[in-house]
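Have a look at the structure below before the remarks.
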Amino acid sequence: MTQTDFVQIFDTTLRDGEQSPGATMNVEEKVVIARQLEKLGVDVIEAGFAVSSPGDFDSVARVAQAVSQPIVLSLSRTKQADIEAALRSVEGAKRPGIHIFIATSDLHLQRKLMMSRQEVIDAACWAIEFAKKHVDYIEFSAEDASRSEREYLLQVFGEVIRRGAVTLNVPDTTGYAVPEEFGALFKYLIENTPGGRDVRWSAHCHNDLGMAVANSLAAVRNGARQIECTINGIGERAGNTSLEEVVMAIKTRADVFGIDTHVISEQIYPTSRLLSQVTGLSIPINKPVVGENAFAHEAGIHQDGVLKDKKTYEIMRPEDVGLSSNRLVLGKHSGRHAFAERLKQLGIDLYAVDMNKAFERFKKLADLKKSVYDEDLLAIVTEDAIRVPERYELSYLNVTSSSMAVPHATVKLKVDGVERMENGTGDGMVDACYNVISKITGISPRLERYAVKAITGGTDALGEVSCLINVDGVTATGQGAHTDIIMASALAYVNALNKLEYSRGRFKPVVVDEGP
Ligand SMILES: [Zn+2]
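Each residue of the sequence shown is one higher than the one before, counting from 7 in this note's numbering.
Given below as structure tokens:
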């Protein structure tokens with residue numbers, strides 16, 4: 007294997023991933039995720055679709071400035087306004103790039119674009135030529151490639167290579183391909199496209215039939231040297247290729263693939279956990295690599311084997327993906343030094359954390375529960391890092407309920423620093439508490455998602471509540487962690503309202519085309 011021969015990992019968690027329902031992230035959250043992606047060792051970050059909204063533009067620009075190793079891209083259609091916005095958004099990047107796409111299947115040409123095949127080629131060539139005057143790194147995507155005519159793809163790809171595209175992406179936009187067929191398509195394109203051997207070929211797969219990872223790996227075996235993927239596989243519909251799965255497949259089966267990625271696999275679990283916390287989208291327990299059960303060997307016969315020799319049933323070591331076996335870490339008597347030391351071991355950048363605040367929160371938590379786990383620490387630190395300016399602050403909560411009485415809540419909330427108190431009732435304790443908070447803030451959003459989960463085991467576990475609220479199409483997620491789930495629910499709701507106010511004050515969403 008030569009130094010240049012590796013599979014480039016293109017992460018689109020912040021673009022394709024964020025486009026999926028319920029995965030909304032604000033600018034601050036995207037920056038936190040991007041920093042973690044850099045630590046994870048991804049080669050390319052697709053930070054957004056700059057022209058789609060001022061919020062997206064701002065996110066791409068902030069991410070571009072926040073990282074220095076990865077190439078930072080914005081998605082762009084072949085229109086001049088798109089390209090100009092995309093180029094401006096990555097101006098601050100150390101390694102800027104642009105990702106231009108246009109559909110190539112007859113279905114898309116006739117039904118969506120209303121363009122002829124020649125018009126599509128002309129548009130693509132014009133776009134690449136225009137962008138190439140300003141930036142060197144250009145990726146081109148033929149949207150719906152897996153359902154496009156092969157000869158036509160050769161023509162499109164040949165032309166864009168001639169105009170200066172350096173990475174050619176072949177998306178299975180609808181998740182329709184099967185591995186043998188998709189792999190053969192790469193072999194055909196690489197061998198037959200004029201100039202095809204001098205560029206990097208990329209696979210972008212969707213998981214509608216559960217084959218995104220298999221299709222991406224088939225592409226690699228047939229010459230693709232970039233995989234587009236997302237953390238936890240989030241993305242449109244059934245999601246994208248999941249980063250942790252392809253990376254660990256390539257690593258674990260090095261005998262088959264004979265190639266490597268730049269990903270630091272020990273950062274996989276922290277990244278997965280961080281994204282789940284930021285979006286509030288939980289990870290299925292049986293999810294490969296990062297699911298709670300991925301390394302649990304509870305079935306008697308397996309457990310017996312694992313105890314005798316781990317290799318009997320374990321093909322990867324939990325520590326290789328960053329899951330520490332030594333999870334019980336700190337308690338009430340742990341000092342500041344031990345706390346900082348553990349954060350460092352977890353790969354957290356201490357300069358990015360307000361240590362005084364974080365330590366104070368740790369102490370409070372340690373008072374409430376006996377053992378503080380790694381997951382608890384990550385929760386403390388991220389909650390702090392993704393905090394937006396707060397209009398509302400919860401200062402007091404009293405909720406009562408019994409089998410005989412209607413649930414009743416009293417809430418004191420600081421609004422722009424001024425304390426206000428209200429009380430009211432609801433169907434349940436959480437409902438009562440949310441009703442009163444809405445009464446005080448004057449905002450009655452639609453609650454689209456509400457989920458509770460215990461971060462760690464035991465009845466004194468830190469309960470994590472995540473909610474997704476929607477007011478006139480503007481959505482915001484909120485997270486709250488507390489040993490009391492009603493309190494965690496209130497914190498999550500207030501957090502979501504703060505983020506909503508933050509977004510509403512800054513951006514108005516504009517909806518455009520979805521992309522590959
Ligand atoms: Zn996609």
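Using N, Cα and C, we set each Cβ at its ideal position, and we do this for glycine too.
| Asked | Found |
| --- | --- |
| For N175, three-class secondary structure by DSSP | strand |
| Neighbour-count burial assignment, H488, 16 or more Cβ in a 10 Å radius | buried |
| Inter-residue Cα distance where the pair is Y182 and S152 | 7 Å |
| Euclidean distance between Cα positions of A225 and S509 | 39 Å |
| Cβ-heavy atom distance, D22 to ligand 2, below 6 Å | What this structure holds is ligand 1, not ligand 2. |
| Three-way DSSP call (helix, strand, coil) for Y527 in this model | Nothing about residue 527 can be read from this structure; the chain reaches only from 7 to 522. |
| Straight-line Cα distance separating I321 from A260 | 12 Å |
| Residues sharing a beta bridge with R426, DSSP | L419 |
| Entirely enclosed beta strand (DSSP E) segments - the segment 98-137, minimum 3 residues | 102-109 |
| Any non-hydrogen atom of ligand 1 within 6 Å of P522 CB | yes |
| Spatial neighbours of E399 in its chain, beta-carbon cut-off 6 Å, leaving aside the 5 residues before and after | K420 |
| CB of C473 within 7 Å of CB of A502, strictly | yes |
| Exposed unless 16 or more other CB atoms sit within 10 angstroms - verdict on D380 | buried |
| Residue burial classification, K505 (beta-carbon count within 10 angstroms, cutoff 16) | buried |
| For Y456, the three-state DSSP class (helix, strand or coil) | strand |
| Whole-angstrom distance between A190 and L160, CA atom to CA atom | 14 Å |
| Delimiting residues of the beta strand (DSSP E) encompassing T483 | 480-488 |
| Host beta strand (DSSP E) of V13 (start-end) | Careful: V13 lies outside any beta strand (DSSP E) and carries neither H nor E. |
| E242 to P27 span [Cα, whole Å] | 8 Å |
| Terminal residues of the beta strand (DSSP E) in which E399 lies | 398-406 |
| Candidates D422, E389, S409, of which the one nearest R397 by Cα | D422 |
| Spatial distance of I475 from S450 (CA atoms) | 9 Å |
| M217 classed as buried or exposed, judged by whether at least 16 other C-beta atoms fall within 10 angstroms | buried |
| Three CB pairs or more closer than 8 Å across the segment 228-236 and the segment 294-302 | no |
| Cβ pair D49, A56 closer than 7 Å | no |
| Proximity to E507 [Cα-Cα], best of V394, V458, N213, D112 | V394 |
| Minimum C-alpha distance to I127 - residue among S111, K139, H140 | S111 |
| Environment of K338 [buried if 16+ CB atoms lie within 10 Å] | exposed |
| Among R169, A300, T318, the one whose alpha carbon lies nearest that of V141 | R169 |
| Cutoff 7 Å; reference F345; Cβ partners in own chain excluding five residues on either side | L336, F365, F368 |
| Assigned exposure category for T30 - 16 Cβ within 10 Å defines buried | buried |
| Nonlocal neighbours in the same chain, by C-beta distance under 6 Å from V219, ignoring five residues either side | T247, E251, V252 |
| Residues bridged to K50 (per DSSP) | For clarity, residue 50 is Val in the given sequence; the question names Lys instead. Paired residue(s): F16, I77. |
| Every unbroken alpha helix (DSSP H) inside the segment 261-325 [4 residues or more] | 274-285, 306-314 |
| Same chain, Cβ closer than 6 Å to N299, five either side skipped, listed in chain order | I291, N292 |
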